[in-house]
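Just so we're aligned, residue 1 is where the sequence shown starts under the UniProt record's numbering, counting upward by one. Structure record follows, encoded as structure tokens.
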Amino acid sequence: MVLGGGQLFQSQQDLLHRTSPLLLSYFLIRWASQCLASDVPVDTLESNLQHLSVLELADTTALTPHKLVSGPQTIVELFFQEVARKHIISRLFLQPNTSLAETSLNWPHLITSIVADFLPLLWPSNPSFLFPECLMGSCQYTQLQEYIRLLQPWCHVNMGSCCFMMGRCYLVMGEGHKALDCFCQAASEVGREEFLDRLIQPEEGEVVSTPRLQYYNKVLRLLEMLGLPELVIELATLAIMESADDWRSQATLRTCIFKHHLELGHNSEAYVALTQNPDPGRQLDCLRQLVVVLCERSQLQDLVEFPYVNLHNEVVGIIESHARAVDLMTHNYYELLYAFHVYRHNYRKAGTVMFEYGMRLGREVRTLRGLQKQGNCFLAAINCLRLIRPEYAWIVQPASGAVYERPGASPKRSHDGECMAVPTTRQIEILELEDLERECLLARIRLTLVEHDVSAAAVAGNSTPEETVSLLVGAGLFDSAITLCQTFKLPLTPIFEGLTFKCIKLQLGGEAVQAKAWDWLAANQLSALVTTKESSATDEAWRLLSSYLERYPSQNSLYHRCVINKLLAHGIPLPNWLINSYKEVDAAELLRLYLNYDLLEEAVDLVLEYVDAVLGKGHQYFGIEVPLSATSPTMWLPYTAIDQLLQALRESSASENSVVLYEKLNDRMEDYQQKVSVATMERLYCR
């Protein structure tokens, strides 16, 4: 048969088109038969398999570590040993209607069958793609890269799979961006190639999305496993374009972008990804993570200045919950929340936060540092309230002892089964600026106490004003105690009793007690007094007591009475200055105190002086403006107390001294009665 010129050329083209792929395929197989496999350590193999495990290729035996052999082997031998042999054996010996005798005795036929089954597995255009997959699983990345380089220019089968394999090679070589380009090129072939189809098979229970999204998810997991956050962000951003109608996938990808931006320290980009998340639950989780991570990194300025559009209440709730759940001295969530509100000019909220912080410090951190921080917190709260209009300068806090019912809780019942009425208690209390100033003063005084006596920190942190006064009196800080009492409108009685007791101890104590007293005496502002000799600690303590009695008068001379009671109860003679001071304010009460403690001689002396004063001798020392006369105002003596004194002297007449005192007092009273009668008659006559 003779062919014309045109037909011959056409035949040559057809043969060339059919022959060149065969020649290239045979060349590639020959190259693989001569290319030696690299000896890979076991730990490298295990690390490689761990990275590839996220691909979750189903029904494959290619991703298994090869066993070490005694001598060098080619990559074809490696493929036969690890993958192809199992396929061939299962095909030859496990086929139905085939006996063992037929296959094992016909050796030439067996060899022919093995080769016939092996070559298709090795053939470059085989859709199964097992040979490159075996090279990837065996860590033969240099050989795999060269294999794909020889294959890609002419083979149009498994093009996407080859791009994926080349991307994996680039990852191993440390060329991440080249790898990402290859992975993106492979995405166009998803759903068309067997290897890529096995790659995207969904897990059990996984929500099925588009094939390309499933592919992107697998690659994202691989990049995350390798610790390449920049590539994860880039690929996830690309994948979002594929998930325009799938809000669940959008939420997953936005969360992924947020996570890795935050990991890289791209705080603004992380915030943007958070706000674009369509899933409110995931958005809240991301917001919570943003708060915690930025706090741990001390990047608080970013955290405060983000706008939080439609998320303001959520971020406040997150910071509040963390502030109330963590240790106060190691985390600064309260200070962060304070800055958050101040930045937005919400000063009342800022003041509320700092007041709560201060109250918790008092309850939970009973140390010197805790008290210092508490004082600063209260000062910050006061400053916040002073920045707003007076009618709004208040904060709300839970009332002490308030009980909150859990939603859905069963009602309380009596022993008869009847529902008990819930007592109406005030659940909240409103604190104004004055209340905060009092709390600030209390905190400052607690700090003064602990600075003076560190051992008091354990009890002073959350003590009430009354308890704090007792602690201050015990420590000798009487000036601070008086300031506290005046602020909270408490009586000064405990202070005068405490100071009197310290005076008693000093008077009865030795040099050690005297030396120790100078510490607390120095903490109080003593009134200036010029003395001609050096004063002792006892003298200074008495002088302090005297100055307090003079400086802080009381109704019905209560403080004088409590001081004298304390002294007489301990058997201490009253100092002259105290007697003179009390005579001027209430001589009658002094007489009754003498009688209560059976001080008859002192009582007689007092009555005699009192009678003399009424009659005009030393009347100024008893607070009497005008002595007894016909024109003077009406005057009186404590006759009941004097009668009791006379009765007591009569009952103790066995004592010679009592008899003398009785006669002396009785004579003076008779003389007084006569003068009173004369003055009375003169007054009546004048009328």
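Beta carbons: idealized from backbone N, C-alpha and C, even for Gly.
Per DSSP, the bridge partner or partners of residue i
{"i": "TRP394", "result": "GLU432"}
{"i": "THR74", "result": "LEU36"}
Cβ-based burial, residue i [other Cβ within 10 Å; buried from 16]
{"i": "SER677", "result": "exposed"}
{"i": "LEU477", "result": "buried"}
{"i": "residue 688", "result": "In the structure displayed, the chain extends from 1 to 687; residue 688 sits before or after that span and is not available."}
{"i": "LEU22", "result": "exposed"}
{"i": "GLU189", "result": "buried"}
{"i": "residue 697", "result": "The chain is shown from 1 up to 687; residue 697 falls before or after that span and cannot be answered."}
{"i": "LEU529", "result": "In this predicted model, LEU529 has a pLDDT of only 47, less than 50, meaning its place in the structure is not dependable enough to derive any value."}
{"i": "GLU193", "result": "buried"}
{"i": "PRO127", "result": "exposed"}
{"i": "GLY408", "result": "Confidence in GLY408 is poor, its pLDDT being 46 and thus under 50, which makes the residue's placement too unreliable to answer from."}
{"i": "LYS502", "result": "buried"}
{"i": "ARG446", "result": "buried"}
{"i": "GLN214", "result": "buried"}
{"i": "TYR582", "result": "buried"}
{"i": "SER138", "result": "buried"}
{"i": "ASN277", "result": "buried"}
{"i": "ASN158", "result": "buried"}
{"i": "ASN524", "result": "buried"}
{"i": "SER557", "result": "buried"}
{"i": "SER70", "result": "Because SER70 sits at a pLDDT of 49, beneath the cut-off of 50, its placement in the model cannot be relied upon, and the following sentence gives the value as read from the coordinates. SER70 should be labelled exposed."}
{"i": "THR680", "result": "exposed"}
{"i": "SER161", "result": "buried"}
{"i": "ARG168", "result": "buried"}
{"i": "ASP116", "result": "One detail in the question is off: residue 116 reads as Ala in this sequence, not Asp. Exposed: under 16 other Cβ atoms inside 10 Å."}
{"i": "HIS260", "result": "buried"}
{"i": "ALA273", "result": "buried"}
{"i": "SER11", "result": "exposed"}
{"i": "TYR333", "result": "buried"}
{"i": "SER480", "result": "buried"}
Extent of the continuous alpha helix (DSSP H) run through residue i
{"i": "LEU300", "result": "300-305"}
{"i": "GLU56", "result": "GLU56 -> no alpha helix (DSSP H), and no H or E assigned at all."}
{"i": "HIS109", "result": "107-122"}
{"i": "ILE382", "result": "368-386"}
{"i": "TYR334", "result": "333-343"}
{"i": "PHE355", "result": "347-364"}
{"i": "TYR639", "result": "639-651"}
{"i": "PHE93", "result": "85-93"}
{"i": "THR44", "result": "42-52"}
{"i": "ASN313", "result": "312-325"}
{"i": "GLN289", "result": "280-296"}
*Are the segment 582-602 and the segment 636-650 touching by the rule of at least three beta carbon pairs closer than 8 angstroms?*
yes
*Can you list, in chain order, the stretches of the alpha helix (DSSP H) that have 4 or more residues and sit fully within the segment 552-632?*
558-569, 576-596 and 600-615
_Quick test of the definition: if touching needs 3 or more C-beta pairs under 8 angstroms, does the segment 258-272 touch the segment 239-248?_
no
_To test your reading of the DSSP string, which unbroken alpha helix (DSSP H) runs of 4 or more residues are found completely within the segment 129-179?_
130-137, 141-151 and 159-173
*Do the segment 433-453 and the segment 480-488 meet, that is, are 3 or more Cβ pairs less than 8 angstroms apart?*
Touching, per the Cβ criterion.
*Contained alpha helix (DSSP H) runs [length at least 4] in the segment 200-278, N- to C-terminal order*: Taking only runs of at least 4 residues, the alpha helix (DSSP H) segments lying wholly in the segment 200-278 are 211-225, 229-242, 247-264 and 267-275.
*At which residue ranges does the segment 450-527 contain complete alpha helix (DSSP H) runs of 4 or more residues, listed in the order of the chain?*
457-460, 465-475, 478-487, 493-508 and 511-522
_Meets three-Cβ-pair contact criterion under 8 angstroms: the segment 380-390 and the segment 450-469_ = no
*Evaluate the contact criterion for the segment 386-396 versus the segment 429-436: three or more CB pairs, one atom per stretch, below 8 angstroms.*
yes
*asked:* Whether or not the segment 292-304 and the segment 325-343 are in contact is what I'm after, with contact meaning three or more pairs of Cβ atoms, one per stretch, closer than 8 angstroms; do they touch?
replied: yes
*Could you tell me whether the segment 143-161 touches the segment 47-56, where touching means 3 or more Cβ pairs closer than 8 angstroms?*
no
*Give a yes or no on contact between the segment 558-565 and the segment 510-517, applying the rule of three or more CB pairs nearer than 8 angstroms.*
no
*Okay, do the segment 602-621 and the segment 534-545 touch, 3+ Cβ pairs below 8 angstroms being the bar?*
no
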